[in-house]
Each structure stands twice: as C-alpha cells, then as structure tokens.
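Chemist:
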Amino acid sequence: MNKDMAVKTAKKNLGIKAIAKIGVLAGLAGIIMLFEFPLPFAPSFLKLDLSEIPVIIGAFALGPVAGIFIEFVKILLNFIFNGTITGGIGELANLLIGCAFVVPAALIYSKKKSIKTAVVGLGVGILCMTLVGALLNYYLLIPVYAKVFGCEVSTLVAMGTAVNSNINSLADLILLGIVPFNIVKGLISSGITLLVYKRVSCILHK
C-alpha cells in the first residue's frame, strides 16, 4: 500500500468512527430527551430535559459541525418516536435553540481547549440560546401552539400567571418564564458537562 492510499484509508476510518460517535451520542441524547420535568417558576407547558449534555460533549470533542449533526439526529429521533403536535415547527425551533447553545460554545472551545474557554464558551452559548429562545417563542412558537390547540395566546399567558402573578402579557411570559427557563437549563447542562467531559472525552478521542 503506497502512502497516498494509506492516508485515504486513515481518513476513511476516521470518518466512519466520527459517524459512529455522532450516532451513539445522538441516540443517548434522544433517550435523555424522553425524560423531562417541570420547573416551579415556569408554566406547565415548559418541561426541562438534559438532552443537550451529550450534544455539547460531542461538539467539544468532535467540533461544532458534529454538534449540529448530533442535535439534528436527536430531534429527528424524537420526531420519529414521539411525533409532533406543531407540524414540525416545534422540532425546528428546538433544533435552532439547541444549536444556538451548542455551536457558539464549541466554536469558542475549539480555539483553545481549556477549562477557561469551556466556561466562556458555555456562558456565551447560554446567552445565545436565551436570546434565540425568547425571539422564537415570541414570534413563532407560542402563537403556533395557541393556533394548534385552538386557543388564544392569552390562555398560554394565563398558564404563566398561575405560577407567577407578575406574568400578565406575552412579553412578561417571555421575560419571566421562557428566559429564566432557558438560563436554568443552560446552567444545569453546562455544569454537568464540565463535571463529566474530561472523563468521557478520552473515549471520544480514540
């Protein structure tokens, strides 16, 4: 086998390994996504899951593009097994919000892999996810949910009022419900990632 052939074979093997790792992480994220629970300050239609953790770990170890693929496959698996009540719009929004968290974090971490850049990257990711989540919920998600369920947006706002009397409008629901929900989700996911990443990254780098 000449040198060029050996290089091509090595690249092919690396590609196959990367695809396998993406598949495993996406499958794990899809399973974790099935387990969700409410937060006391958030309306009942918001449920917290920790499926972003395998996505972030994969993005840190394999790069931001791999993170996008893991996020996409995770959402696809959830769509296949759980179906959709929003015609795919909710799933698209989850994909965009997830990528808004994972991609900036992975891009920053890839510049210089250290605890400091991981923390900075995750912090920026949380801010991006919070902003994208707020905009998507205000202009797309909540209006679509209201239409699908045949109710007024005010009905969903009332679900927020039930847990926080200061929520009296859609803007209040975003600022006092959606925004803190995504911040808490980002902080929990980031904290667990920082605790476990070093332990599992050696496996992903093989």
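Using numbering that gives the first Met the number 0, read the sequence shown as starting at 0 and increasing by one per residue.
Virtual Cβ for every residue (Gly too), placed ideally from N, Cα, C.
Just so you know, these numbers come straight off a predicted model, no measurement behind them.
Inspect the beta-carbon positions of E35 and V101 and report whether they are closer than 9 Å.
Modeler: No, Cβ-Cβ distance for E35 and V101 is not below 9 Å.
Chemist: To which residues of the same chain is T55 closer than 6 Å at the C-beta, ignoring the five residues directly before and after it?
Modeler: What sits at residue 55 in the sequence shown is Ile, not Thr. Closer than 6 Å at Cβ, skipping near neighbours: V101, T192.
Chemist: In this structure, how does DSSP classify L61 when only helix, strand and coil are distinguished?
Modeler: L61: helix per DSSP, three-state reduction.
Chemist: If I measure Cβ to Cβ from F44 and keep anything under 8 Å in the same chain, skipping five residues before and after, which residues do I get?
Modeler: Counting only Cβ-Cβ distances below 8 Å, and skipping sequence neighbours, we find Y144, L155, M158.
Chemist: With DSSP as the reference, identify every bridge partner of F36, one or two as the case may be.
Modeler: Answer is L47, bridged to F36.
Chemist: Express the C-alpha separation of S153 and K111 in angstroms, rounding to a whole number.
Modeler: Using only the alpha carbons, I get a separation of about 47 Å.
Chemist: In the structure shown, what three-state DSSP assignment does G87 receive?
Modeler: Three-state DSSP puts G87 in coil, outside helix and strand.
Chemist: For a test of the three-state rule: what should DSSP assign to T192, helix, strand or coil?
Modeler: T192 falls in the helix class under three-state DSSP.
Chemist: Would you mind stating whether A17 and F59 have Cβ atoms separated by less than 9 Å?
Modeler: Result no, Cβ atoms of A17 and F59 do not sit closer than 9 Å.
Chemist: With a CB to CB cut of under 8 Å and the five nearest residues on each side skipped, what residues in its chain are close to G22?
Modeler: Cβ neighbours of G22 beyond the five flanking positions: V72.
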